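Visitor: Dropping a structure here in structure tokens format, bear with me for questions.
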Amino acid sequence: MQARSALFDLYGDHLRPRGGRAPVAALVRLLAPLGIAPPAVRTAVSRMVRQGWLDPLRLASGPGYSITPKAARRLDEAAARIYRTGRVSWDGRFDMLVLASPASRRERQRLAANLSFLGYGSLDEQTWVATRPAEDVDVLLDEAGVRYERFTAAHTAGTPGAMGVVRRAWDLTEIGHAYEQFVAEQRPLLAAVTVRSDDEEAYAARFRLVHAWRTFLFRDPQLPPALLPERWPGTAAASFFDRHATRLRPAADRYVEQCLDATNRERRVVKT
146 MQARSALFDL YGDHLRPRGG RAPVAALVRL LAPLGIAPPA VRTAVSRMVR QGWLDPLRLA
206 SGPGYSITPK AARRLDEAAA RIYRTGRVSW DGRFDMLVLA SPASRRERQR LAANLSFLGY
266 GSLDEQTWVA TRPAEDVDVL LDEAGVRYER FTAAHTAGTP GAMGVVRRAW DLTEIGHAYE
326 QFVAEQRPLL AAVTVRSDDE EAYAARFRLV HAWRTFLFRD PQLPPALLPE RWPGTAAASF
386 FDRHATRLRP AADRYVEQCL DATNRERRVV KT
């Protein structure tokens with residue numbers, strides 16, 4: 146687990162509902178159960194500040210960092226997809242982008258990852274489609290300096306034709322297998338966390354569960370049911386995720402509060 150990715154998870158799943166800010170000492174304490182060392186946390190924080198995701202600030206408990214408006218939008222969008230709080234519907238139309246691709250390979254890879262996160266799949270290197278328009282796609286492309294044209298398109302062959310487009314843009318077989326593998330890998334790890342487990346163990350297990358589930362934001366565009374295969378593995382995987390994320394939430398929340406309170410107490414002792 147990379148420190149930068151873990152910080153996104155930490156802010157999105159635990160700190161965003163608590164004001165989106167925390168002292169750096171608490172960030173270090175909260176990522177320690179994941180095996181992430183303090184220098185890696187501080188390096189990742191500095192990088193996220195340079196990229197416009199975090200702002201430094203002075204808290205009563207010491208130096209800390211808060212999410213920027215840009216980060217808040219990204220985290221809220223991710224949370225809505227992780228916990229599926231929005232209704233997945235489709236009006237029969239695609240949002241289509243035709244891009245003038247960046248020259249460098251690294252920039253193309255970064256752009257592809259960001260478009261995938263927003264729910265777009267590629268028909269070729271220049272043409273991307275989504276079953277619903279993403280609010281931030283214009284901002285993303287403008288910030289990347291990419292020239293583009295944007296269209297709304299409906300397939301003349303209706304749903305069968307649209308399903309053909311979907312299968313060109315996304316490898317649903319591969320995504321389905323990834324969901325099955327997710328459940329197979331997580332099941333024994335989560336079974337080991339019982340009512341006898343302490344809060345730190347439950348927090349770490351839930352963190353890894355959410356972290357693994359979050360990777361599907363870059364792989365699965367959460368297509369409307371009309372465009373999915375029958376017995377879609379993502380449905381069973383989502384139920385599995387929801388059940389265990391809910392079960393472990395109280396203990397994870399207690400551990401987060403313990404870490405934040407401990408940081409505040411240590412700061413008061415130092416001042417005294």
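Heads up, the sequence shown is in my numbering, so the first residue is 146 and it goes up one at a time. Even glycine gets a Cβ: it sits at the ideal position worked out from N, Cα and C. None of these values were measured; they are calculated from a predicted model.
1) Have a look at L317, E330, R218, D236 and flag the residue whose alpha-carbon is nearest the alpha-carbon of V282.
2) Counting along the chain, where does the alpha helix (DSSP H) carrying Y348 start and finish?
3) Hey, which unbroken runs of the alpha helix (DSSP H) at 4 residues or more fall wholly within the region 215-297?
4) Are A397 and R351 touching if we call contact CB-CB under 8 Å?
5) Tell me whether T417 is buried or exposed, calling it buried when 16 or more other Cβ atoms sit within 10 Å of its Cβ.
6) In terms of residues, what are the limits of the alpha helix (DSSP H) holding L175?
7) Does F239 pass the burial test, meaning 16 or more other C-beta atoms within 10 Å, or should it be called exposed?
8) If we call anything under 8 Å between Cβ atoms a contact, is R364 one with A307?
9) Considering only residues of the same chain and omitting the five flanking positions on each side of L172, which have a CB-CB separation below 6 Å?
10) Count the other C-beta atoms from every protein chain shown that fall within 10 angstroms of the C-beta of S150, then say buried if there are 16 or more, exposed otherwise.
11) Give a yes or no on whether the C-beta atoms belonging to T276 and L373 are separated by under 8 Å.
12) Leaving aside the five residues before and after L317 along the sequence, list all residues of the same chain whose C-beta is less than 7 Å from its C-beta, in chain order.
13) Once DSSP output is grouped into helix, strand and coil, what is the label at D398?
Guide: From the atom records:
1) R218
2) 344-359
3) The DSSP assignment places 250-262, 282-288 as complete runs of the alpha helix (DSSP H) inside the region 215-297, in order along the chain (cut-off: 4 residues).
4) With respect to the 8 Å criterion, A397 and R351 are classified as neighbours on the basis of their beta carbons.
5) Since pLDDT at T417 reaches only 46, below the 50 mark, its modelled position is unreliable, and no value is offered.
6) 169-176
7) buried
8) The criterion of a C-beta distance shorter than 8 Å is not satisfied by R364 and A307.
9) V186
10) exposed
11) no
12) P374
13) It is helical.
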